[in-house]
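Trainee: Just dropping this structure here.
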């Protein structure tokens with residue numbers, strides 16, 4: 004129980020600090036730390052990630068940072084495609100799921116380690132010229148200009164996020180955050196807040212699907228979930244004080260170590 008609580012706090016802390024990535028530690032914590040199978044761990048991880056993300060999303064809504072229309076569209080498509088991921092998770096062998104998850108962690112670590120251009124300015128407006136990105140903010144209203152290209156882009160992102168979420172039990176923030184940075188001109192504070200809202204909504208759908216399929220959450224799972232919410236609250240308080248680059252390098256290093264160990268456990 005103590006170990007489950009410790010891993011839960013750690014996962015929530017990283018999610019609160021980064022807006023993405025913490026969820027990818029939840030499954031390894033349950034599989035490697037507590038000896039669960041991938042199919043056992045996935046719904047509990049989703050529940051923990053979703054609950055913790057909801058706390059962060061509410062904070063973002065209070066500060067007016069969440070692009071809620073975009074979040075709802077992504078989450079809607081994620082909800083539609085999440086059951087497809089859950090179906091494949093129950094069809095694939097445990098070894099294949101562990102290998103896929105390990106490769107995903109390596110990809111996340113690589114993205115974290117890449118040095119990226121610092122966003123300028125304190126506002127939540129990006130600085131790209133009109134037409135440079137698939138989804139642009141209207142300079143007059145501060146909201147997205149909902150073109151067909153923008154709508155299709157966010158819908159596709161939601162579909163991919165939903166499948167990956169259902170398959171591997173992750174919230175999808177590692178996809179949403181870099182995709183938003185690449186495809187929109189929203190500033191980082193808005194991206195993190197929007198990502199947390201999407202994660203909470205998609206995770207909720209995934210959990211409902213898993214419970215409907217007969218998965219049950221025991222006392223250890225509940226302890227992990229509650230601890231992750233505590234970690235998220237602490238992380239949101241600390242996020243302004245921790246150097247972003249140090250956090251990225253540290254998190255990427257942990258991802259690589261865990262991925263290698265999971266591959267070793269899978270017999271690769």
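Residue numbers (this note's numbering): 4 to 271. No residue lacks a Cβ here, since even glycine has one placed at the ideal position from N, Cα and C. Source: prediction; values computed, not measured.
By Cβ distance below 8 angstroms, which residues in the same chain neighbour residue 106 in space, the five residues on each side in sequence not counted?
Mentor: 262, listed in sequence order.
Trainee: Any contact between the segment 243-260 and the segment 39-55? By contact I mean 3 or more CB pairs, one from each, below 8 angstroms.
Mentor: No, the segment 243-260 does not touch the segment 39-55.
Trainee: Using the C-alpha atoms, what's the distance from residue 230 back to residue 144?
Mentor: Their Cα atoms are separated by approximately 39 angstroms.
Trainee: If contacts are defined as beta-carbon pairs under 8 angstroms, then residue 104 and residue 235 qualify, I think. What distance do you get, rounded to the angstrom?
Mentor: Contact flag wrong, Cβ pair sits at about 22 angstroms.
Trainee: Cβ atoms of residue 32 and residue 10: under 8 angstroms apart, would you say?
Mentor: A contact, by the Cβ cut-off of 8 angstroms.
Trainee: Would you list the residues sitting across from residue 154 in a DSSP beta bridge?
Mentor: According to DSSP, which records beta bridges pairwise, residue 154 is partnered with nothing at all.
Trainee: By the three-class DSSP mapping on this structure, what secondary structure does residue 68 have?
Mentor: Coil at residue 68, not helix or strand.
Trainee: Counting pairs of Cβ atoms below 8 angstroms between the segment 51-68 and the segment 185-203, do you hit three or more?
Mentor: Yes: the two stretches touch, three or more of their Cβ pairs being nearer than 8 angstroms.
Trainee: Determine the extent of the alpha helix (DSSP H) in which residue 180 is found, giving its start and end residues.
Mentor: Per DSSP, residue 180 belongs to the alpha helix (DSSP H) from 176-186.
Trainee: Note down the Cα distance separating residue 208 from residue 47, rounded to an integer number of angstroms.
Mentor: Spanning the two alpha carbons is a distance of roughly 13 angstroms.
Trainee: Tell me whether residue 189 sits in a helix, a strand or coil according to DSSP, three-state version.
Mentor: In the structure shown, residue 189 sits in a strand (DSSP, three-state: E or B).
Trainee: I'd like to know whether the C-beta atoms of residue 239 and residue 67 end up nearer to each other than 8 angstroms.
Mentor: No.
Trainee: Can you tell me where the alpha helix (DSSP H) holding residue 116 begins and where it ends?
Mentor: From DSSP, the alpha helix (DSSP H) with residue 116 extends over 97-116.
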